[in-house]
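The structure appears right after this line, and notes come after that.
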Amino acid sequence: MKRFYETIENEKFDTKVLSDLEYKFLKKIMKYYSEKPDWNVFSNYWLKGGQKIWGRTPKREVVDLPIFRICQDLEVRLGIEQGKTRLPDYRDELVALIDKEFESHYKFCKKVGIAQDTLSRILNKRREPSLRLLQIILDALGYKISFQKKQLR
Numbered sequence: 600m601k602r603f604y605e606t607i608e609n610e611k612f613d614t615k616v617l618s619d620l621e622y623k624f625l626k627k628i629m630k631y632y633s634e635k636p637d638w639n640v641f642s643n644y645w646l647k648g649g650q651k652i653w654g655r656t657p658k659r660e661v662v663d664l665p666i667f668r669i670c671q672d673l674e675v676r677l678g679i680e681q682g683k684t685r686l687p688d689y690r691d692e693l694v695a696l697i698d699k700e701f702e703s704h705y706k707f708c709k710k711v712g713i714a715q716d717t718l719s720r721i722l723n724k725r726r727e728p729s730l731r732l733l734q735i736i737l738d739a740l741g742y743k744i745s746f747q748k749k750q751l752r
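Just so you know, our numbering puts 662 at position 63 of the sequence shown, and the rest follows in order with no gaps.
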């Protein structure tokens with residue numbers, strides 16, 4: 600197994616920091632992944648097996664564990680291969696940011712000064728926002744547009 604695992608979204612994890620138990624579990628999961636099982640079956644398989652590793656650790660901590668993130672990435676890759684899910688795009692990030700910072704989309708729209716149906720169309724891929732509108736939306740969330748080099752696969 601490679602020392603560093605890189606997720607589909609270019610996040611890197613050092614597999615050497617995994618405990619022996621986690622490392623053995625990851626090898627088992629990667630072997631099962633290579634067999635290309637059904638996406639839902641794979642998801643249930645690694646989550647059930649993983650519970651033996653993280654036990655009673657609070658869920659909010661579990662989701663940040665490298666072993667969890669790697670398994671989750673394998674699940675996403677399998678789902679994409681099988682046409683059952685897609686890569687997240689900027690709209691998914693916008694929803695997460697809005698939901699984190701505001702009680703409702705209504706309150707967000709009121710602060711930004713856009714109609715709720717405009718936001719709904721953008722988030723549901725029925726409308727592409729202008730660059731200016733995207734800047735206004737991101738500014739209200741405390742973010743800005745930046746460029747990132749693509750990773751070649």
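Quick reminder that beta carbons are idealized off the backbone N, C-alpha and C, glycines included.
Check	Outcome
Element boundaries [alpha helix (DSSP H), containing residue 698]	689-700
Segment contact, 8 Å Cβ cut-off, at least three pairs: the segment 704-714 with the segment 661-675	no
6 Å CB neighbourhood of residue 732 in its chain, flanking five on each side removed	none
Simplified DSSP assignment, three categories, for residue 604	strand
Anticipated Cβ contact below 8 Å, residue 638 with residue 678, distance rounded	5 Å
Beta-carbon spacing of residue 665, residue 605 below 9 Å	no
Residue 707, DSSP secondary structure in three states	helix
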